[in-house]
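Written out below as structure tokens is the structure these notes cover.
Residue numbers (the numbering used here), protein chains in the order written: chain A, 167 to 375; chain B, 167 to 375.
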């Protein structure tokens with residue numbers, strides 16, 4: 167086992183250190199966030215979306231104002247709505263390409279050749295190629311003063327999914343939908359199911375369901 | 167494609183809805199968080215840890231005060247330190263079993279048969295069986311008033327990893343370390359690498375590295 171102390175880490179090259187730290191939390195979600203400015207739709211890959219609570223149905227994500235996602239933050243502040251669209255194996259290259267620094271009034275949908283899809287009157291497009299997607303309403307922005315990032319809290323609105331991925335217990339089989347996971351900023355993975363474990367109780371053996 | 171509107175969702179059974187919402191963000195990280203009270207060490211599986219920034223090296227996670235992790239929150243508030251330990255394939259059952267509601271003064275390490283490991287004078291134990299692990303110092307607690315959860319912001323201290331998982335660019339190969347990912351609260355997955363994509367630039371083709 168190797169040790170890297172805080173002091174040793176702080177002396178490392180900035181980019182090397184960034185990659186190291188970014189892989190530490192574990193596997194991350196891979197979503198495409200769509201927003202709209204007056205001039206164009208915008209689409210950006212985001213690996214920071216996380217479950218915040220089911221009742222009310224909340225999701226959080228982190229935006230770095232100095233990153234290519236800054237357009238997304240601007241749009242969100244203006245109209246307070248966005249869509250999140252799971253990235254899956256067949257669109258991994260297009261999804262990654264949205265992280266390129268395109269000019270603000272250019273639509274990443276057009277640049278990476280993903281199609282806009284408007285559903286049920288929501289003003290922000292979804293990604294047509296995405297299988298699992300949902301609309302979000304922004305509730306609040308929290309500034310993380312420790313590093314100048316912004317945490318966005320949203321409430322989930324409408325949800326769209328292929329009918330064969332909804333399981334009996336209500337959960338969505340994101341593995342079957344080929345939803346990706348990512349480590350760091352650039353290494354993508356598919357998943358292999360180990361299984362589902364029973365609800366854990368003291369003094370009761372777990373079962374694989 | 168099926169649609170579930172916000173109105174339809176709110177009429178669903180509470181548990182069914184919780185499972186649905188919990189699978190929407192995508193794949194989640196699987197860590198074991200260790201803390202210490204005056205009476206015992208505590209260990210709990212946590213799927214909400216997320217990367218918050220590399221410089222300074224920050225990590226965030228969400229704690230629900232009414233959940234079994236409430237002991238963890240209490241301990242953190244008292245001494246402000248914890249360890250995070252990646253869960254991997256060989257310890258998936260023990261990791262899941264830590265989510266059982268044991269009495270507060272009982273050590274989940276003992277109950278699920280994972281070993282405590284003290285490293286470099288840090289007062290909180292690591293999980294000996296875990297391959298990738300790090301110590302954390304709590305910086306701040308943010309109350310998410312929308313649902314009464316607590317977001318904890320921590321700074322990464324020392325990092326421990328097997329020497330064969332550190333890649334040339336500084337990132338840690340968490341796939342090689344068999345780090346797990348989870349969907350919802352109970353369905354565990356291993357990963358299969360698709361590949362690493364080059365840094366995206368406008369008008370430049372991506373390469374698989």
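Even for Gly, the Cβ is constructed at its ideal location relative to N, Cα and C.
Quick one, are the C-beta atoms of residue i and residue j less than 8 Å apart?
i, j, result
"residue 290 of chain B", "residue 202 of chain B", "yes"
"residue 391 of chain B", "residue 346 of chain B", "What is shown of chain B runs 167 to 375, which leaves residue 391 of chain B out entirely."
"residue 322 of chain A", "residue 351 of chain B", "no"
"residue 172 of chain A", "residue 173 of chain B", "no"
"residue 355 of chain B", "residue 359 of chain A", "yes"
"residue 315 of chain A", "residue 229 of chain A", "yes"
"residue 209 of chain B", "residue 280 of chain B", "yes"
"residue 283 of chain B", "residue 207 of chain B", "no"
"residue 327 of chain B", "residue 292 of chain B", "no"
"residue 296 of chain B", "residue 170 of chain B", "no"
Can you tell me whether residue i is helix, strand or coil according to DSSP?
i, result
"residue 310 of chain B", "strand"
"residue 193 of chain A", "coil"
"residue 217 of chain B", "strand"
"residue 272 of chain A", "coil"
"residue 259 of chain B", "helix"
"residue 331 of chain B", "helix"
"residue 242 of chain B", "helix"
"residue 338 of chain A", "strand"
"residue 348 of chain A", "strand"
Could you tell me which of the options sits nearest to residue i, measuring between CA atoms?
i, options, result
"residue 266 of chain A", "A:174, A:186, A:211", "A:211"
"residue 333 of chain A", "B:185, B:283, B:273, B:241", "B:185"
"residue 368 of chain B", "A:200, A:268, A:338", "A:268"
"residue 294 of chain B", "B:372, B:250, B:221, B:220", "B:250"
"residue 226 of chain A", "A:244, A:209, A:195", "A:195"
"residue 200 of chain B", "B:218, B:241, B:213, B:219", "B:241"
"residue 248 of chain A", "A:344, A:260, A:288", "A:288"
"residue 302 of chain B", "B:337, B:246, B:220", "B:246"
Return the CA-CA distance between residue i and residue j, expressed in angstroms with no decimal places.
i, j, result
"residue 224 of chain B", "residue 319 of chain B", "7 Å"
"residue 263 of chain A", "residue 278 of chain B", "44 Å"
"residue 237 of chain A", "residue 182 of chain A", "27 Å"
"residue 258 of chain B", "residue 309 of chain B", "30 Å"
"residue 372 of chain B", "residue 341 of chain B", "22 Å"
"residue 234 of chain A", "residue 304 of chain B", "29 Å"
"residue 298 of chain B", "residue 348 of chain B", "17 Å"
"residue 353 of chain A", "residue 256 of chain A", "15 Å"
"residue 180 of chain A", "residue 239 of chain B", "32 Å"
"residue 193 of chain B", "residue 178 of chain A", "30 Å"
"residue 271 of chain A", "residue 232 of chain A", "17 Å"
"residue 285 of chain A", "residue 300 of chain A", "10 Å"
"residue 274 of chain B", "residue 222 of chain A", "30 Å"
"residue 261 of chain B", "residue 329 of chain B", "23 Å"
"residue 375 of chain B", "residue 361 of chain B", "7 Å"
"residue 370 of chain B", "residue 175 of chain A", "33 Å"
"residue 343 of chain B", "residue 331 of chain B", "7 Å"
"residue 313 of chain A", "residue 336 of chain A", "37 Å"
"residue 306 of chain A", "residue 307 of chain B", "17 Å"
"residue 217 of chain A", "residue 213 of chain B", "9 Å"
"residue 317 of chain B", "residue 311 of chain A", "14 Å"
"residue 366 of chain A", "residue 357 of chain B", "24 Å"
"residue 219 of chain B", "residue 276 of chain A", "30 Å"
"residue 339 of chain B", "residue 339 of chain A", "26 Å"
Per DSSP, residue i forms a beta bridge with which residues?
i, result
"residue 251 of chain A", "A:198, A:299"
"residue 361 of chain A", "B:354"
"residue 170 of chain A", "B:325"
"residue 210 of chain A", "A:199"
"residue 316 of chain A", "A:229, A:309"
"residue 292 of chain A", "A:283"
"residue 224 of chain B", "B:219, B:321"
May I ask you to check if the CB of residue i is nearer than 7 Å to at least one heavy atom of the ligand PLP?
i, result
"residue 171 of chain B", "Absence of the ligand PLP from the depicted structure is noted, as is the absence of any ligand whatsoever, leaving it without description."
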